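Take a look at the structure set out below.
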Amino acid sequence: MAKKSKHTSWDLSPAPESTGHVDIKKKYDLFIDGKFVKPKSGKYFNTINPASEQVLSSVAHANEADVDRAVKAARKASGPWQKLSRKERAKYIYRIARLIQERAKEFAVIESLDGGKPIRESRDVDVPLAANHFFYTAGWADKLEYAFPNRKFAPYGVAGQIIPWNFPLLMAAWKIAPALATGNTVVLKPAETTPLTALKLAELIQDADLPPGVVNIITGEGDTGAAIVNHKDIDKIAFTGSTGVGKIIRKAIAGTKKKATLELGGKAANIICEDATIDQAVEGIVNGIYFNQGHVCCAGSRLFVQESVYDEVLEKLKFRIESLVVGDPLDKNTDIGAINSKEQLHTIEKYIKAGKAEGAIMYQNNCDLPSKGFWCRPTLFTNVSQSSKIVQEEIFGPVLAIQTFRTIAEVISKANNTPYGLSAGVWTDKGSKIFNLSSQMNAGVVWANTYNKFDPASPFGGYKESGIGREGGLHGLQAYLKF
Amino acid sequence: MSRLEVLKTYKIYIGGKFPRTESGRYYTPEQNGSKLGNICLSSRKDFRNAVVAARSAQGSWANRSAFNKSQIIYRIAEMLEGRRAQFIEELIKMGASKAKAVKELEESIDRLVYFAGWCDKYQQVFGSVNPVASAHFNFSMYEAQGVVSIVAPEDSALLGLISAVIPVIIGGNTAVIIASESMPLCAISFAEVLATSDLPGGVVNILTGHEKELIDHISKHMDVNGLLYCRENVPLSFDENCEINMKRLSHLYSTNWSSEDLENPYLILDHLEVKTTWHPIEQIGGSAPSY
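Protein chains in written order, with the working numbering: chain A, 86 to 568; chain B, -7 to 283.
Put into structure tokens, the structure is as follows:
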């Protein structure tokens, strides 16, 4: 779906990625104890392509009995997995990394089909980062004593892991790799709208000859997640998702021995100072909020522009938004793919309505949208205030709220005025200002003159209500060890 | 009719290529009375050529991302696994029993995998942010020394060689190695593994020959930054010559090269420099953290 633009004289021809080499089964069972088994619940649900609303496959809906079976398999595998030499554990994880690299294209296409994200992102970001995460973390398995010198540590045992739909394979990698490297076994539940790459990962784990039960992948909905959280024989919960659900989980494990790592919502401030390189900053704003349709917990959804450059930034930003290509996720020219689900589209539309109702001024890209599927044009709002709903609440869509500031002290207090604290962006040519701002931000990650950068070596996670604990890097290992 | 075996010509490894020694000389090490082959007797000129290759490869090798280096070292392990039979045969030829040869080969592969993991971790573990009293962001990182010459272990043809060279190159150094004199076969076959492992040419260069003939040239060469001596006693002249351009000398010797003591990140740090950077932090907008 090449977009017609009044700003460019050339339209882009369609450049769709082929789907010929991908293998999606009509039906997927639960991956428990190294085998695909039919759910005791007897129930299945459909997963669809949000860009066409066509059914891709039917996957099992695990109930409490299924969760129990998966936890028992993980428990049984736990002893031998902990006793295995740490070098051999590392070699298993390296195998998984290599197999993902070998099958990268298939994973990328399925990720885009099932989740709606542009193929360019799944190909260049999600899948390589997932492989790299396994590769980097593998090396820690036999080096943990260097990460935590002079401490005695042991794995928790069985980890229950629940992941979201915005980066399905990558989040599975963030969860599984450190758990395995530290000697835990896992029961992982992918999100109900995007289960396919996790199930493909299960097939890959079979091919890697990982001992049965070390990784169990079960699909389902919210009730399945709840059954994992509440299962008595799970030692550790790792959850990525909304702050709302995070709070329910935190309450559910209160008074138990379970530990939790929570990676929750965000409402990141992206701060453009007057001495920033404006063109570069505009690219950073676009990447910050419109990357992955804005379905990013660390999306730079609150933009703060210094007054003296506000007009210039706004004009350039509108011009840039107009050139974004919205449409077929499998087209290599697409910048913004499909919204992940009908429910999420409704949520975003509700917020756009609320923004208008509160008197904010909306600007949207002017493109045509496909007739089928779930779509949202890249959107920005000006004339908003600190108390506006669209400034305070996480939208999880391609919607940007823009405010201005005069002094650095002012922007620091405005940026920190939120219950969230996941990430922040700072744009300035002055290094000393970067270090001032980054030390004042109440955020777990601060990007300076860049945005949405991820690396397996770099820890990620939030302050305040954006979560507890870190994932990735050396620091992410701590979440899976008891000291 | 029996087929005539094609014998392998053992050459040296410089800048990713396999030349013969420019000197045209050879020596013939023996094991239990049978000849191992005609092995290049490398000259001073060969060593100087190898240093030129190592120097020209060093900058771009150091600039590779840590993650990329990690993948390349892992790739070396993969390629070595794929050539098991060849290495086991050579180790047996050089005097090992079948069981010992298999053990040495497998430990070599696992050691490569162990060190592959350190490429993108040693900086994270040993680098530091230093809490200076002034308003500065002050941090220290490790950087390569440059070209490191290695006199490889005499008594461990493969595992010893790998234990010596891999930690050196992980930190971004390039290396020129003098292989075991009496057991040189695996060193040259290992060069063939390196040549097919995505390791850029010149990062590792391997010469064969007499230690006595080369040792003075190695320690006096002005474009060599570091030395690693892996035999029992460091010759006094070798130690003394370091003074000429302040070469960094380290000594790595073990009577048991399969010991896990040889698996540690300090072997990487031995061949690195510490660089500290100061950067000001602006003192404006100083406000208390606001919740």
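Ideal Cβ placement from N, Cα and C applies to all residues, glycine included. Every value quoted in this text rests on a predicted model; they were computed, and no experiment measured them.
Residue i classed as buried or exposed, judged by whether at least 16 other C-beta atoms fall within 10 angstroms
i, result
"Ser472(A)", "exposed"
"Glu102(A)", "buried"
"Ser282(B)", "Note that Ser282(B) scores 45 on pLDDT, short of 50, meaning its location in the model is unreliable and no value can be drawn from it."
"Met86(A)", "At Met86(A), the pLDDT of 42 sits below 50, so the modelled position is not reliable; the number obtained from the coordinates is stated separately. Result: buried."
"Ile248(A)", "buried"
"Glu138(A)", "exposed"
"Glu224(B)", "exposed"
"Asn55(B)", "exposed"
"Gly263(B)", "Sequence check: residue 263(B) is His here, not Gly. Classification of His263(B): buried, given that the 10 Å Cβ count is 16 or more."
"Gly295(A)", "Per the sequence shown, residue 295(A) should be read as Leu rather than Gly. Answer is buried; the Cβ neighbour count reaches 16."
"Asn537(A)", "buried"
"Gln365(A)", "exposed"
"Glu22(B)", "exposed"
"Arg174(A)", "buried"
"Glu230(A)", "exposed"
"Gly554(A)", "buried"
"Ala108(B)", "buried"
"Ala93(B)", "buried"
"Trp249(B)", "buried"
"His202(B)", "exposed"
Beta-bridge partners of residue i, as assigned by DSSP
i, result
"Phe131(B)", "Val121(B) and Thr269(B)"
"Tyr19(B)", "Ile31(B)"
"Pro101(A)", "Asp416(A)"
"Gly218(B)", "Val140(B) and Arg240(B)"
"Ala167(B)", "Val140(B) and Val196(B)"
"Met86(B)", "Looking at the DSSP assignment, Met86(B) forms no beta bridge with any residue, so it has no partner."
"Met447(A)", "Phe466(A)"
"Gln186(A)", "Its beta-bridge partners do not exist; DSSP assigns none."
"Asn134(A)", "Gln139(A)"
"Phe389(A)", "Ile356(A) and Gln488(A)"
"Trp532(A)", "Gly510(A)"
"Phe545(A)", "Glu556(A)"
"Tyr129(A)", "Ala145(A)"
"Gly245(A)", "Val272(A) and Ile322(A)"
"Lys161(A)", "DSSP, once it has assigned bridges, lists no residue as partnering Lys161(A)."
"Val300(A)", "Val271(A)"
Other residues of its chain near residue i: CB distance less than 7 Å, five sequence neighbours each side excluded
i, result
"Ala42(B)", "Ile6, Val168, Asn197 and Leu199"
"Gly331(A)", "Phe324, Leu347, Leu349 and Gly552"
"Ile154(B)", "Ser100, Arg103 and Leu104"
"Asp514(A)", "Asp360, Ala361 and Thr362"
"Arg17(B)", "Leu33"
"Ser207(A)", "Ala193, Glu196 and Ser197"
Beta-carbon separation (whole angstroms), residue i vs residue j, contact threshold 8 Å
i, j, result
"Leu388(A)", "Asn355(A)", "5 Å"
"Ile207(B)", "Pro227(B)", "6 Å"
"Met71(B)", "Leu177(B)", "Not really, about 17 Å apart at Cβ, beyond 8 Å."
"Ser543(A)", "Gly558(A)", "5 Å"
"Leu562(A)", "Trp225(A)", "6 Å"
"His209(B)", "Phe39(B)", "5 Å"
"Thr270(A)", "Ala159(A)", "4 Å"
Close-in-space but distant-in-sequence residues of the same chain around residue i (CB under 6 Å, 5 per side omitted)
i, result
"Ser279(B)", "Note that Ser279(B) scores a pLDDT of 49, beneath 50, so its modelled location is shaky and nothing firm can be said."
"Leu566(A)", "Phe238 and Thr267"
"Lys88(A)", "Legend: pLDDT at Lys88(A) = 49, less than 50; position of this residue unreliable, value from coordinates given subsequently. Here the set comprises Val410 and Cys452."
"Ala312(A)", "Glu149 and Val152"
"Val511(A)", "Ile356, Ile519, Leu522 and Ala533"
"Asp114(A)", "Phe121, Val122, Lys123 and Ala145"
"Phe10(B)", "Lys3"
Residues near residue i by beta carbon distance below 8 Å, same chain, minus five either side
i, result
"Ser242(B)", "Gly218, Leu219, Leu220, Tyr221, Asp262 and His263"
"Ser52(B)", "Pro192"
"Lys172(A)", "Ala226 and Asp227"
"His431(A)", "none"
Does the count of Cβ pairs from the stretch 145 to 161 of chain B and the stretch 0 to 19 of chain B closer than 8 Å reach three? no
Three or more C-beta pairs under 8 Å: does that hold for the stretch 339 to 356 of chain A against the stretch 378 to 394 of chain A? yes
- Query: Would you say the stretch 254 to 268 of chain A touches the stretch 126 to 137 of chain A, given that touching needs at least three Cβ pairs under 8 Å?
  - Reply: no
Exercise. For the stretch 143 to 151 of chain B and the stretch 73 to 90 of chain B, state whether three or more C-beta atom pairs, one from each stretch, are separated by less than 8 Å.
Key: yes
Contact between the stretch 22 to 30 of chain B and the stretch 129 to 148 of chain B: three or more CB pairs below 8 Å?
no
With three or more beta-carbon pairs closer than 8 Å as the criterion, would you say the stretch 206 to 219 of chain A touches the stretch 180 to 197 of chain A? yes
- Message: Using 8 Å as the cut-off, can you tell me whether the stretch 271 to 290 of chain A makes contact with the stretch 196 to 206 of chain A, which would need three or more C-beta pairs spanning the two stretches below that distance?
- Response: yes
With a threshold of 8 Å, are at least 3 pairs of Cβ atoms found where one atom belongs to the stretch 447 to 465 of chain A and the other to the stretch 482 to 492 of chain A? yes
| query | So, do the stretch 248 to 258 of chain B and the stretch 108 to 122 of chain B have three or more beta carbon pairs nearer to each other than 8 Å? | reply | yes
> Would you say the stretch 132 to 147 of chain A touches the stretch 285 to 305 of chain A, given that touching needs at least three Cβ pairs under 8 Å?
Replying inline: yes
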